[in-house]
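Chains as they are written, first to last, in my numbering: chain S, 1 to 115; chain C, 1001 to 1111. Note that CB positions come from ideal geometry on N, CA and C, so glycine has one too. Quick caveat: nothing in here was measured; it's all calculated off a predicted structure. Scroll down for the structure; my scribbles are underneath it.
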């Protein structure tokens, strides 16, 4: 069974803080993703990575950065947290499919509040 | 126009009812299709893949119509536990990078 683990279920931080969200997967997946989900807006892709040290911007990368130093770990960084980054953050992973696409598997999510 | 569109609902149905959700996609490069289920304040979970020939998993049947660019999910004999949001998911091309999630259809099953 695929296991995607996010470091925190709930997190409260202050405006201006640097915030790290960690995600680890145990299935040797090449692809990893960070999303945020807000009521009425659905899932929005922040960044994704298809290999170690590789990263690509998603639809809403502003105010975020990522790090993938090891295949199993993908970190999301809020450089200077702002109240509009209060959200549910979801990490996902999937295997690279050369001939067929494989579905993403999600972590439990981190509910982040910025005060 | 959104790349993946779903009726947001909510669908309110009694236990035992049959309910169908449709999803349309606009990008002809769409290669792979899935249905996910998301419970309130939880993460999305894969429900089933959708194949061109149609596929069934217990009370759930998924179908794909490439010519018309739509996907459907049929739930038979609805249970209270089926209450959730159902997300239509499309992957463009290969590699699995370009994944597009629909906004979801909310289902309430009542006793």
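| Query | Result |
| --- | --- |
| Those runs of the beta strand (DSSP E) which lie wholly inside the segment 1041 to 1102 of chain C and span at least 3 residues | 1044 to 1050, 1055 to 1057, 1060 to 1065, 1070 to 1075, 1084 to 1092, 1099 to 1101 |
| Three or more C-beta pairs below 8 angstroms linking the segment 13 to 20 of chain S and the segment 65 to 80 of chain S | yes |
| Assigned secondary structure, residue 83 of chain S (DSSP; H/G/I helix, E/B strand, else coil) | helix |
| Distance between beta carbons of residue 48 of chain S and residue 1021 of chain C, contact taken as under 8 angstroms | 27 angstroms between Cβ atoms; not a contact. |
| Closest Cα partner of residue 9 of chain S within the set C/1043, C/1009, C/1001 | C/1043 |
| Proximity test, Cβ basis, 7 angstroms: residue 1046 of chain C and chain S | yes |
| Backbone CA spacing between residue 1065 of chain C and residue 72 of chain S [nearest angstrom] | 36 angstroms |
| Chain-ordered chain C contacts of residue 8 of chain S [CB-CB under 7 angstroms] | Here the premise fails: no neighbours, minimum Cβ distance about 14 angstroms. |
| Selected residue, minimal CA-CA separation from residue 1084 of chain C, among C/1075, C/1091, C/1092, C/1004 | C/1075 |
| First and last residue of the uninterrupted beta strand (DSSP E) at residue 42 of chain S | 42 to 49 |
| Within-7 angstroms CB hit, residue 978 of chain C to chain S | Examination of residue 978 of chain C is not possible in this model, given that chain C is present from 1001 through 1111 alone. |
| Chain-ordered residues of the segment 1042 to 1067 of chain C with a beta carbon less than 8 angstroms from chain S | 1042, 1043, 1044, 1045, 1046, 1049 |
| Residues in the segment 7 to 36 of chain S having any Cβ partner in chain C nearer than 7 angstroms | 31 |
| Chain-ordered residues of the segment 1023 to 1044 of chain C with a beta carbon less than 7 angstroms from chain S | 1031, 1032, 1034, 1043, 1044 |
| Residue 1018 of chain C to residue 1077 of chain C span [Cα, whole Å] | 6 angstroms |
| Contact set for residue 1101 of chain C: own chain, Cβ-Cβ below 6 angstroms, skip 5 residues either direction | 1087, 1089 |
| CB contact flag (residue 84 of chain S, residue 1032 of chain C, <7 angstroms) | no |
| Proximal residues, the segment 55 to 78 of chain S versus chain D, C-beta separation under 9 angstroms | Absence of chain D from the displayed structure is noted, the protein chains being S and C. |
| Which of helix, strand or coil DSSP assigns to residue 1014 of chain C | strand |
| For residue 1030 of chain C and residue 1068 of chain C, the rounded distance between their alpha carbons | 12 angstroms |
| Chain S contact residues for residue 1113 of chain C, given Cβ-Cβ distances below 8 angstroms | This structure gives no information on residue 1113 of chain C, because the portion of chain C shown stretches from 1001 to 1111. |
| Reduced DSSP category for residue 22 of chain S - H, G, I as helix; E, B as strand; rest coil | strand |
| Beta-bridge partners of residue 1029 of chain C, as assigned by DSSP | Answer is none; residue 1029 of chain C lacks a bridge partner. |
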